[in-house]
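Asks: With UniProt numbering, letter number 180 in the sequence shown gets 180, and the count goes up by one each step, no holes. Here it is: the structure, laid out below.
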Amino acid sequence: MESNPLAEKAPVGEFSGKALGRVFRCFTEPRAVFAEIAARPTFFWVLLLTVVLSLGVQLVLAPRIDMEATVLQGISRAGKEIPEEQVREAVNTANRFRTFGLVLAPLGALAVTLLLGGVYFLGLKVAGSEAEYPPVLSAVAHAGFPPGLTQSVLLSVVASTREPFPAQEIPRLLKSNVAAFLPEDAPRVLTALGGVLDVFNVWYWLLLAWGLAAVGGVSLRKSAGAVAVLWGAWALLQVVLALLR
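Here you go:
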């Protein structure tokens, strides 16, 4: 993999303003950022902002979720009949979990990013790359930030203008995926696939392909293939889960 001489002459510190600037430059010049990451990966700012972003969205969404409606809709979709006392107990449990979710969601976002870094690291190895895990993780995290920030801001704005709603409506708040345009009684498999076909996912896929090609020293075709295979596996998993519900 060829080095980036400009990055070597002016190394970017992990906690520097330049490292922070990389995160936001992914909006305007992602390929330049990925070339810099290939020479010297940075993690602190992008991972911190990922956690803060997840927490911010939860702080907006959590008060808007109608837990009783969420529980009742879940019971209805499952085709079950549950005594009112058990429904109240389920609602109380969900309300207690709401606070725990504020902590769990940011940690989950961090864990998912670290896991995806490992998955794409293995994918690049299969494609013949000699890249190490750190630059792959950095590329994955930076690629996810622009679509993640945009989606989170829009979702928060829309949610804040709504009356309390069941949690099942969250995927439909933004008309950015195919599932949002399907009727509520659409087959679960179609809804699952439609949720994957999202504008923000496509944006993420494009950035991932560029980023993995840069840090992995492989062709864009190979990096795009790795992205396609792994997201295809994710779509298949969503279908399987939908069939099991």
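Note that CB positions come from ideal geometry on N, CA and C, so glycine has one too. Note that this is a predicted model, so its numbers are computed, not measured.
If you check the beta carbons only, do Gly225 and Ala131 fall under 8 Å apart?
Replies: Here residue 225 refers to the residue found at position 225 of the sequence shown. Here residue 131 refers to the residue found at position 131 of the sequence shown. It is not a contact, given that the beta carbons lie outside the stated cut-off.
Asks: Report the rounded CA-to-CA distance for Leu115 versus Gly108, giving the unit in angstroms.
Replies: Indexing the sequence shown from 1 puts residue 115 at position 115. Indexing the sequence shown from 1 puts residue 108 at position 108. Leu115 and Gly108: Cα-Cα distance of roughly 10 Å.
Asks: With a CB to CB cut of under 6 Å and the five nearest residues on each side skipped, what residues in its chain are close to Lys222?
Replies: Residue 222 sits at position 222 when you count from the first residue of the sequence shown. Excluding positions up to five away in sequence, the list reads Ala127.
Asks: I'd like the span of the alpha helix (DSSP H) that includes Ile75, first residue to last.
Replies: Counted from its first residue, the sequence shown places residue 75 at position 75. Looking at the DSSP string, the run of the alpha helix (DSSP H) that includes Ile75 is Met67 to Arg77.
Asks: Specify the secondary structure class of Phe165 as computed by DSSP and reduced to three states.
Replies: Taking the sequence shown and counting its residues from 1, one reaches residue 165 at position 165. Strand.
Asks: Figure out for me which residue from Leu49, Glu14 and Pro183 has the closest Cα to the Cα of Glu36.
Replies: What you label residue 36 is simply residue 36 of the sequence shown in a count that begins at 1. Here the closest residue by C-alpha is Glu14.
Asks: Identify whether Ile82 lies in helix, strand or coil by the three-state DSSP scheme.
Replies: Here residue 82 is taken as the residue at index 82 of the sequence shown, counted from 1. Three-state result, Ile82: coil.
Asks: Measuring alpha carbon to alpha carbon, tell me which residue in Pro135, Ala192, Glu169 and Ala186 is nearest Phe43.
Replies: As a position in the sequence shown, residue 43 is number 43, starting the count at 1. Comparing Cα-Cα distances from Phe43 to each of Pro135, Ala192, Glu169 and Ala186, the minimum goes to Pro135.
Asks: What are the residues that DSSP puts in a beta bridge with Asn201?
Replies: The residue you call residue 201 lines up with position 201 of the sequence shown. None; Asn201 has no bridge partner.
Asks: Which residues in the same chain have their Cβ closer than 6 Å to the Cβ of Ala242, if we skip the five residues on either side of it in sequence?
Replies: Taking the first residue of the sequence shown as 1, we reach residue 242 at position 242. Excluding positions up to five away in sequence, the list reads Arg188, Val189 and Ala192.
Asks: Considering only residues of the same chain and omitting the five flanking positions on each side of Trp45, which have a CB-CB separation below 7 Å?
Replies: Residue numbering aside, residue 45 sits at position 45 when the sequence shown is read from its first letter. Excluding residues within five positions, the ones whose Cβ falls inside 7 Å are Ala19, Leu20 and Val23.
Asks: Roughly how many angstroms lie between the CA atoms of Arg245 and Glu29, to the nearest whole one?
Replies: Translated into positions along the sequence shown, residue 245 becomes position 245. Translated into positions along the sequence shown, residue 29 becomes position 29. Approximately 42 Å between the Cα atoms of the pair.
Asks: Let me know if Arg96 comes out buried or exposed under the rule of 16 or more other beta-carbons within 10 Å of its beta-carbon.
Replies: On the sequence shown, residue 96 is found 96 positions in, with the first residue counted as 1. It is exposed - the Cβ of Arg96 has fewer than 16 other Cβ atoms within 10 Å.
Asks: Measuring CA to CA, which of Val199, Leu155, Asn92 and Ala213 is closest to Leu59?
Replies: Counting from 1 along the sequence shown, the entry for residue 59 is found at position 59. Closest option to Leu59, Cα to Cα, is Leu155.
Asks: Beta-carbon separation of Ile65 and Ala167 under 8 Å?
Replies: Translated into positions along the sequence shown, residue 65 becomes position 65. Translated into positions along the sequence shown, residue 167 becomes position 167. Yes, they are a contact pair.
Asks: Determine, using beta carbons only, whether Val158 and Leu182 come nearer to each other than 8 Å.
Replies: Reading the sequence shown from its first residue, position 158 is the one you call residue 158. Reading the sequence shown from its first residue, position 182 is the one you call residue 182. Taking 8 Å as the Cβ cut-off, Val158 and Leu182 do not qualify as a contacting pair.
Asks: Quick check: Leu49 and Phe200, are their CB atoms within less than 8 Å of each other?
Replies: To locate residue 49, count along the sequence shown from 1; it is residue 49. To locate residue 200, count along the sequence shown from 1; it is residue 200. No; because the gap between Cβ atoms is not below 8 Å, this pair is not in contact.
Asks: Confirm, please, whether the CB-CB distance from Val140 to Gly195 is below 8 Å.
Replies: The residue labelled residue 195 in the question sits at position 195 within the sequence shown. The residue labelled residue 140 in the question sits at position 140 within the sequence shown. No, Cβ-Cβ distance for Gly195 and Val140 is not below 8 Å.
Asks: Please report the distance separating the alpha-carbon of Glu85 from that of Gln73.
Replies: Indexing the sequence shown from 1 puts residue 85 at position 85. Indexing the sequence shown from 1 puts residue 73 at position 73. Those two C-alpha atoms are separated by around 16 Å.
Asks: Counting only the same chain and skipping the five closest in sequence on each side, list residues whose C-beta sits under 8 Å from that of Thr70.
Replies: Locating residue 70 in the sequence shown gives position 70, where the first residue counts as 1. So the qualifying residues of the chain are Ala94, Pro166, Ala167 and Gln168.
Asks: Grab the span of the alpha helix (DSSP H) containing Leu61 for me, first residue to last.
Replies: To locate residue 61, count along the sequence shown from 1; it is residue 61. Start and end: Phe44 to Leu61.
Asks: Out of Val218, Pro11 and Pro106, state which residue places its alpha-carbon closest to the alpha-carbon of Tyr120.
Replies: Residue numbering aside, residue 120 sits at position 120 when the sequence shown is read from its first letter. Among Val218, Pro11 and Pro106, the Cα nearest to that of Tyr120 belongs to Val218.
Asks: Hey, out of Leu102, Cys26 and Asn177, whose CA is closest to Ala62's CA?
Replies: Here residue 62 corresponds to residue number 62 of the sequence shown, with the count starting at 1. Minimum Cα distance to Ala62 is reached at Leu102.
Asks: Could you check which residue in Pro83, Leu124 and Ser176 has the C-alpha nearest to that of Pro147?
Replies: Working through the sequence shown from its first residue, we reach residue 147 at position 147. Cα-wise, what sits closest to Pro147 is Ser176.
Asks: Which stretch, first to last residue, makes up the alpha helix (DSSP H) that contains Glu36?
Replies: Walking along the sequence shown from the start, residue 36 turns up at place 36. Looking at the DSSP string, the run of the alpha helix (DSSP H) that includes Glu36 is Pro30 to Ala39.
Asks: Going by beta carbon distance, what residues of the same chain come within less than 8 Å of Trp231, once the five residues before and after it are set aside?
Replies: For the purposes of this step, residue 231 is identified with residue 231 of the sequence shown, where counting begins at 1. Answer for Trp231: Val196, Asn201 and Trp205, listed in chain order.
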